[in-house]
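Under the numbering used here, the first residue of the sequence shown is numbered 19, with each subsequent residue one higher.
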Amino acid sequence: QAMGTAMQAGQRMLAGESLAFQYFTAQSGEGTVGFAGVLPGEMRALELDGTRAWFAEKDAFVAAESTVDFGIAFTGGRTGMSGGEGFVLEKFTGRGTVIIAGAGNFIDLNPADFGGRVEVDTGCVVAFEEGIRYGVQRVGGLNRQGIMNAVFGGEGLSLATLEGDGRVILQSLTIEGLANALKKAQGGDKQGPTGGLFSTHAG
């Protein structure tokens with residue numbers, strides 16, 4: 019089966035996924051299987067026709083047909099070192115259906131409709147198809163403006179850049195944002211008026 023080789027198991031480990039897959043096969047006729055994402059949000063079925071690969075952030079993968087090949091790819095920057103998601107992307111090729119999940123609502127766009135380039139929070143990127151150039155840049159570098167954006171705007175020190183002509187899927191809620199909201203609701207770490215860079219611990 020295409021997604022079950024030892025090499026691909028190692029690649030799944032690098033991407034932060036489980037080493038093992040569960041396989042579901044209809045013994046006679048049709049059958050129904052239900053899947054769910056880890057976080058509250060949407061799911062999407064991507065149809066691969068063998069001509070273009072899809073890339074997804076770690077933890078986005080939920081399920082796929084056995085005809086889909088799983089691999090990994092590396093982004094141009096060490097996103098995880100500067101406030102965003104991991105810099106290892108999951109890569110899906112071949113033919114068949116891949117199901118992905120994200121937090122909040124999905125937002126579909128094409129950078130070509132916005133002058134060929136969009137800049138978003140690194141935690142908002144869910145998936146994009148082959149042909150999109152994905153990179154990471156610092157917000158204003160390490161100058162005063164960049165630090166002010168991070169402190170008072172609640173932003174990280176990096177933005178993801180997506181360029182080209184192709185489909186991009188974003189999520190409206192970041193994992194970090196959800197975690198901070200839950201901590202605040204439970205009386206744990208609380209963000210002050212300065213945003214996400216500084217926090218105070220109750221007690």
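Idealized CB from N, CA, C, for every residue including glycine.
Cβ-based burial, residue i [other Cβ within 10 Å; buried from 16]
i	result
T192	buried
Y152	buried
G114	buried
A199	exposed
A63	exposed
A197	exposed
F92	exposed
As assigned by DSSP and simplified to three states, the class of residue i
i	result
F53	coil
E137	strand
G114	strand
L150	Here residue 150 turns out to be Ile, not Leu, going by the sequence shown. It is coil, neither helix nor strand.
G195	helix
D183	coil
F132	helix
8 Å contact criterion, which residue i and residue j should meet: CB distance rounded
i	j	result
G59	A121	4 Å
F42	V56	Rounded, the Cβ-Cβ distance is 19 Å, inconsistent with contact.
N123	S190	4 Å
Own chain residues within Cβ distance below 7 Å of residue i, not counting five before or after
i	result
A81	F53, I117
M99	Residue placement at M99 cannot be trusted, given a pLDDT of 35 that sits under 50; what the coordinates show is reported in the next sentence. So the list is empty, once near-sequence residues are dropped.
Residues near residue i in its chain [Cβ-Cβ closer than 8 Å; skip 5 each side]
i	result
V138	L177, A178, L180, L188
Residues of its chain near residue i, where Cβ-Cβ distance is below 6 Å and the 5 sequence neighbours each way are ignored
i	result
G136	The question names Gly, but residue 136 in the sequence shown is Val. Hits under 6 Å: P129, L180.
A71	K109, T111, E148
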